[in-house]
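Protein chains: 4
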Amino acid sequence: MTQDSRLPVAVLGATGMVGQYAIARLSHHPWFEVVALAASERHEGSPYKACCSWWLPGDIPPAAAELSLLACKPDQLPTGVQLVFSALPAGPAREIEAAFAQAGKAVFSNARAYRLDPTVPLLAADINPWQLSALEGQRAAHGWTGSIVAQANCTTTILATALAPLQAFGIRRVLTVTYQSVSGVGYPGVPSLAILGNVVPFIRGEEECVQQDLVTLLGEWDGGHGFRPAAFPTSALCARVPTVRGHLASVSLELERCVVHEQLIAAWERYVPETVGWELPSAPRQTLAYVRDDARPQPALDWQTGNGMTVSVGRLQPCPALGENGYSFWVVGDTLGRGAVGGSLLNAELFVARGFLREMEEARELALHRGET
Amino acid sequence: MTQDSRLPVAVLGATGMVGQYAIARLSHHPWFEVVALAASERHEGSPYKACCSWWLPGDIPPAAAELSLLACKPDQLPTGVQLVFSALPAGPAREIEAAFAQAGKAVFSNARAYRLDPTVPLLAADINPWQLSALEGQRAAHGWTGSIVAQANCTTTILATALAPLQAFGIRRVLTVTYQSVSGVGYPGVPSLAILGNVVPFIRGEEECVQQDLVTLLGEWDGGHGFRPAAFPTSALCARVPTVRGHLASVSLELERCVVHEQLIAAWERYVPETVGWELPSAPRQTLAYVRDDARPQPALDWQTGNGMTVSVGRLQPCPALGENGYSFWVVGDTLGRGAVGGSLLNAELFVARGFLREMEEARELALHRGET
Amino acid sequence: MTQDSRLPVAVLGATGMVGQYAIARLSHHPWFEVVALAASERHEGSPYKACCSWWLPGDIPPAAAELSLLACKPDQLPTGVQLVFSALPAGPAREIEAAFAQAGKAVFSNARAYRLDPTVPLLAADINPWQLSALEGQRAAHGWTGSIVAQANCTTTILATALAPLQAFGIRRVLTVTYQSVSGVGYPGVPSLAILGNVVPFIRGEEECVQQDLVTLLGEWDGGHGFRPAAFPTSALCARVPTVRGHLASVSLELERCVVHEQLIAAWERYVPETVGWELPSAPRQTLAYVRDDARPQPALDWQTGNGMTVSVGRLQPCPALGENGYSFWVVGDTLGRGAVGGSLLNAELFVARGFLREMEEARELALHRGET
Amino acid sequence: MTQDSRLPVAVLGATGMVGQYAIARLSHHPWFEVVALAASERHEGSPYKACCSWWLPGDIPPAAAELSLLACKPDQLPTGVQLVFSALPAGPAREIEAAFAQAGKAVFSNARAYRLDPTVPLLAADINPWQLSALEGQRAAHGWTGSIVAQANCTTTILATALAPLQAFGIRRVLTVTYQSVSGVGYPGVPSLAILGNVVPFIRGEEECVQQDLVTLLGEWDGGHGFRPAAFPTSALCARVPTVRGHLASVSLELERCVVHEQLIAAWERYVPETVGWELPSAPRQTLAYVRDDARPQPALDWQTGNGMTVSVGRLQPCPALGENGYSFWVVGDTLGRGAVGGSLLNAELFVARGFLREMEEARELALHRGET
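Chains as they are written, first to last, in the working numbering: chain A, -10 to 362; chain B, -10 to 362; chain C, -10 to 362; chain D, -10 to 362.
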């Protein structure tokens, strides 16, 4: 795909933190070109740069800065926009994303609105592309001519990526305890008065979300029977720490088998992501990096690895409290890269590369031809 | 014991962070009066206020400010000083504390030098006063006419205090993951470049230390056979976070029995510390507080509870990964109060209240009378 | 005034940060007793503890925790409440405070609503009690049977306190540059994403406010002609830094005369506050402290001095860019103590001590007697 | 100059923070190639990666990682290395840098050792290339066959860059107040206990240094009479804040003339750096950027501009306390880019581009030919 034939895409929720980062990452994307930005109706018609309090280092990408903001309505999109990235908050996402799917768009969502819908893929392209099979039932269930593909929450995506290579050894149970940065909640998000020089061991809904999504992400596709979540029990304790970017988590787990540490390290370092062979632009050189340093991974040092798409693992050691097959390690991933925007772009890239977009268009044309819709 | 008859005490390592806090807490202590401060030899003879970069809010207590610093040698102590608080770093502590014990002083140490010595009580007065029985073997083993009583490390003391009331339900295994503040390492300690906006999931020696000391603190005294550490396996993962004061830790544990949450909460709230009845001045009104708030305990909000001596527990919930009897909760305690200086003072108070100081003096007089030493 | 005869008071805006701190400070006040808490109407009738996300260390004072929240309407106050502390945000403050003054209450306000009204004293009791003379014109101007007394903004109050003793030397010009903590804006206030590891050199309206209020606070009462603001030009540059409590500011100023440093230091140390002799409970032992330490005042070390009521000054040095009579120094004061709640309490105490409350009551009774209102 | 003909360079003090950043920036430099790393003698012979606690995001550049560390002695350098970047601390720098200059190397120093030596250029290539004229007297004064060129301290370089374009309007006086990040002092540097949630309004020697170096940097070359420092008086107040990267400073200044704001903004935006035309690889597209945003420049948002080489200015406004021609504004620059390593590279690039390196070699060859040295 050449620069000239980049696919036009839209970003919903363009003024928020995730929306801004989506615009930043898309500003030099080889396949996609941002041609439309949508936000809350009160900004409709204003130039993006006038409505957006840009919080990323550097300036608003010039092409985006001058775009007039649209309302989040499918009929406002310029002709030809088939791909839509949604950075909407959970509240409005449910209705708006459905409207765009209804209108034939392929929506890639960072919201939690459809994560539990069994016909919406909870996709982390590198580890569970079979989730795309859920799309088969989506049209029937919802009547959409477009589609919605969901990205799991940031922490869960990062954890699932670190655990995927270990599934070969049989996972019996997982306990994770997190150190989440404030970029996990957007803007304004966490009040500084609550977090400066403090840790808040509570993030509303987060622990349930991690426990639920983790086994979904790591589950498998069982033909006619749909998805089967991974079978191991999971406990997550989630805390907010005064860091800006990158989530850190400890993982303690019991495996089915006793393996030497170098086997686990090799499993991470040699992990072949499921997207291999597709040459996706957002795919990092390495999905997982094992950092051989006593004191890493650390959020500040490791979130940027692989342009925020590589998950860093380190400090593998025995976990005596989980018995002979107990292990613990630490994980760092980028809140907004692998954990949100980057992951969502990768999902969209796989969607396009595997022909889902073309199929969707063909089906629509066929339907149009038949006089449907 | 009245103000007039306060026991004269000395602080070793007076210029460091723990030493400073010891001086601050002792400045209004009803039983003890600081009459001597010792530090490294290069400060010998200088007034304390000239050598100390005071980092606590407010000013140096006036009485301490004017004291001339001594070298850390027993013969420099004013006559009558029998109690010595050691805030020395691990390196010099081994030799210096032994010299003071040898010279007949009762040393209360915050260093790790003697924590693994089976004849040195690893005392947390509120939960394991039986550790004082170790003193019986100390003179024989070391030939000291004085004694050393050790305080466990800050994180371990706080965790042990939170776990003590749960031993009644049988503890099968414990996993803890920590969020430790920078006041846990003294001054200069953690470089700001390493910790600002970051988390460092590694503290040299800390995880081994917690795993080892925790079962010692929670062990029992088995008459002639000495101490038996608690039998459950423990895993500790320790991280440094950018907070100044108070340690936070998550605890996930499996009990022998399945109990309802209110039973565990009652165990904390109604816990009767082993020091009850002695009216020790450093004992807080409540050893443990269960904080009934979704988002607590938090270091910034809870470290000061009970003047830094109460350990705050909260967010009790099931831990599905540890099975039917699995529970998790969060703990906050004061790095320097319960975790160091306050704990050490409580130890010294119990030592004095139970007559150990008098016994030690009597034994020495008797020996003197017999012509020994 | 004894404990038994404490005056009943109300707090408006009780759930916010300033309201909470007012309740905390009032919980052990010898003259005043909180008997009523008011907040936004949606909380009306609920117990305070259920509506308040308490952010201060420790628990809600028990007496306050159980109070039922009132709406901010004068007729909801229990009989006998004449003193009202307003911690309302600027928006609603204008109307609500007027309603209470109209209803005969003496309102002590932390809001900016009436700061520029020449008939409302902008009072910092320790330095400009003559501002109370403005009350003479207040009734005529507004028709209130009660009154409003305003507290200046936190930074300005702290700066004015530090500058007051230097007026004796003639101030020609003042430049101040601030380092303001996040407790200066309440809750939720500054988003953590904006301030963690960052400085924001802009606080909306703050620089104008400091420039304007500073000369008002330091002005004088000129009998029939009303107030005359101080004559020197002032420039303020205001920045938010990632600290929680205490404001720091640099001050560079030119004096009329060339004085030796020790004269200025003596002016601070020997400053006799205008409240002297009234034995006001919120007055600290020292209004101003000069900290003789190379590296102080620092917010973390000095905001608590004098229970947050003492302003700390340090690092006096020449300011060559302002010529021979140029000096610079640094100031720290407590955002919420001297800068807000503490200052407001001191104002109320002076108001009561000097008989304004009694006069106000007498005038009202007289008016009642005459059949007015 | 092509990739194939890159000049071999050495880095002294390679394990420290500045040394690490020099290696990182040089790892993709088109003119220079790091072939030698030197540090303290105890590391001599060990591979760099084994001795360096790498604190920058990402990994050690592979080429540097495997280099064996040398001691800081000129005879250890591989043949052909003529350019040496010194990231040594002030203490050892004086002697070591002289030894390298004596041995014929061109040393570009970040240390303060020779900043006050009138024969050592205090060079900020973009604003004062005439400082290179000082080299004329250097050989005579020191007898070196090589040379030393000094980089001013980080804050001063950033401030001088912002002030240079304003010299056209005549500067009468300058007051600056700084917000310096912890990367300004290297590693371990500022203890976290001192700076977390705090501001320290004191940096040893910094204020004198800024006041002195600023007028030197902004001075002029007066033919036979040497340099004349800029004539305006300067006052600097310097504080350390809890930020990691980027220095922020406020500047208040009085000009000779009253100009409209847009003139000053144009002076920054259209500033033509003195290096223009040389096509130096470290020169940013823009030396100065005026950020038109109420709340900027901010360290976190603006330090990266122009790869850390652009100085960002903003919030220009009148400064009433400095009279009719008084202005104030804020500046952000990268501690380690423009402020240290980047500035030093730019200096070396200009040195090479203008033929000083070739001249130095020719002079040496001539001398050799004549039998000198």
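Even glycine gets a Cβ: it sits at the ideal position worked out from N, Cα and C.
{"Query": "Continuous beta strand (DSSP E) stretch holding His236 of chain B: start and end", "Result": "236 to 244"}
{"Query": "C-beta neighbour in chain A for Ser224 of chain B, strict 7 Å", "Result": "yes"}
{"Query": "Gln(-8) of chain B to Arg343 of chain B span [Cα, whole Å]", "Result": "With a pLDDT of 46 at Gln(-8) of chain B, under the threshold of 50, the modelled position of that residue is not reliable, and the figure given next carries that caveat. So the alpha carbons of these two residues sit roughly 20 Å apart."}
{"Query": "Span separating the alpha-carbon of Arg193 of chain C from that of Asp283 of chain D", "Result": "9 Å"}
{"Query": "Contacts of Tyr176 of chain C in chain D (Cβ-Cβ under 8 Å)", "Result": "Those do not exist, as Tyr176 of chain C stays about 17 Å from chain D at its closest Cβ, beyond 8 Å."}
{"Query": "Expected contact under 8 Å - CB spacing of Pro270 of chain A and Val321 of chain A to nearest Å", "Result": "23 Å between Cβ atoms; not a contact."}
{"Query": "Val249 of chain C in three-state terms, based on DSSP", "Result": "coil"}
{"Query": "Phe191 of chain D - containing beta strand (DSSP E), residue span", "Result": "Premise fails: Phe191 of chain D is in no beta strand (DSSP E) and is neither H nor E."}
{"Query": "Whole-angstrom distance between Gly331 of chain C and Val381 of chain C, CA atom to CA atom", "Result": "No answer is possible for residue 381 of chain C: it lies beyond the span of chain C, which begins at -10 and ends at 362."}
{"Query": "Under the three-state DSSP convention, the category Thr150 of chain C falls into", "Result": "helix"}
{"Query": "Proximal residues to Val166 of chain B (C-beta, below 6 Å), its chain only, five neighbours per side dropped", "Result": "Leu226, Ser239"}
{"Query": "Contact under 7 Å by Cβ, Leu152 of chain A with Glu243 of chain A", "Result": "no"}
{"Query": "Bridge-paired residues (DSSP) for Phe74 of chain D", "Result": "D:Val0, D:Phe97"}
{"Query": "Through-space distance from Asp115 of chain A to Leu155 of chain A, alpha-carbon basis", "Result": "14 Å"}
{"Query": "Under the three-state DSSP convention, the category Leu155 of chain D falls into", "Result": "helix"}
{"Query": "Under 9 Å by beta carbon: chain B residues contacting Thr4 of chain C", "Result": "Within 9 Å Cβ-Cβ: nothing; Thr4 of chain C doesn't reach chain B, min ~15 Å."}
{"Query": "Assigned secondary structure, Phe21 of chain C (DSSP; H/G/I helix, E/B strand, else coil)", "Result": "strand"}
{"Query": "Cutoff 7 Å: Pro46 of chain D Cβ touching any chain A Cβ", "Result": "yes"}
{"Query": "Exposed unless 16 or more other CB atoms sit within 10 angstroms - verdict on Ala228 of chain B", "Result": "buried"}
{"Query": "Nearest candidate by alpha-carbon position, reference Ala130 of chain B, set B:Ala157, B:Ala87, B:Ala100, B:Arg162", "Result": "B:Ala87"}
{"Query": "Among B:Ala123, B:Val302, B:Ala54, nearest to Ala256 of chain B - alpha-carbon criterion", "Result": "B:Val302"}
{"Query": "Contact list for the stretch 275 to 294 of chain D against chain A, Cβ threshold 8 Å", "Result": "Ala289, Leu290, Asp291, Trp292, Gln293, Thr294"}
{"Query": "Cβ contact (3+ pairs, closer than 8 Å) linking the stretch 176 to 195 of chain D and the stretch 260 to 274 of chain D", "Result": "no"}
{"Query": "DSSP-derived helix/strand/coil call for Gln140 of chain B", "Result": "coil"}
{"Query": "Ser224 of chain B versus Ile49 of chain C: straight-line alpha-carbon distance, rounded", "Result": "36 Å"}
{"Query": "Residues near Val96 of chain B in its chain [Cβ-Cβ closer than 6 Å; skip 5 each side]", "Result": "Val73, Ser75, Glu86, Phe89, Ala90, Ile137"}
{"Query": "Minimum Cβ-Cβ distance from Leu325 of chain C to chain A less than 7 Å", "Result": "no"}
{"Query": "Cβ-based neighbour list, Glu245 of chain A, same chain, cut-off 8 Å, excluding 5 preceding and 5 following", "Result": "Phe158, Gly159, Ile160, Arg161, Asn314"}
{"Query": "Within-7 Å CB hit, Tyr168 of chain B to chain A", "Result": "yes"}
{"Query": "Bounding residues of the beta strand (DSSP E) (the contiguous stretch that carries Tyr316 of chain C)", "Result": "315 to 322"}
{"Query": "Enclosing beta strand (DSSP E) for Leu335 of chain C [first to last residue]", "Result": "Counting along the chain, Leu335 of chain C falls outside any beta strand (DSSP E), though it belongs to the alpha helix (DSSP H) covering 331 to 342."}
{"Query": "Interface partners of Val300 of chain A on chain B, CB under 9 Å", "Result": "Those do not exist, as Val300 of chain A stays about 15 Å from chain B at its closest Cβ, beyond 9 Å."}
{"Query": "Contacts of Trp319 of chain C in chain D (Cβ-Cβ under 7 Å)", "Result": "Pro190"}
{"Query": "Beta-carbon contacts of Ala92 of chain A that lie in its chain and below 6 Å, excluding the five residues immediately before and after", "Result": "Pro63"}
{"Query": "In DSSP terms, what Arg(-5) of chain B is bridged to", "Result": "None, per the DSSP bridge assignment."}
{"Query": "CB contact flag (His32 of chain B, Leu15 of chain B, <7 Å)", "Result": "no"}
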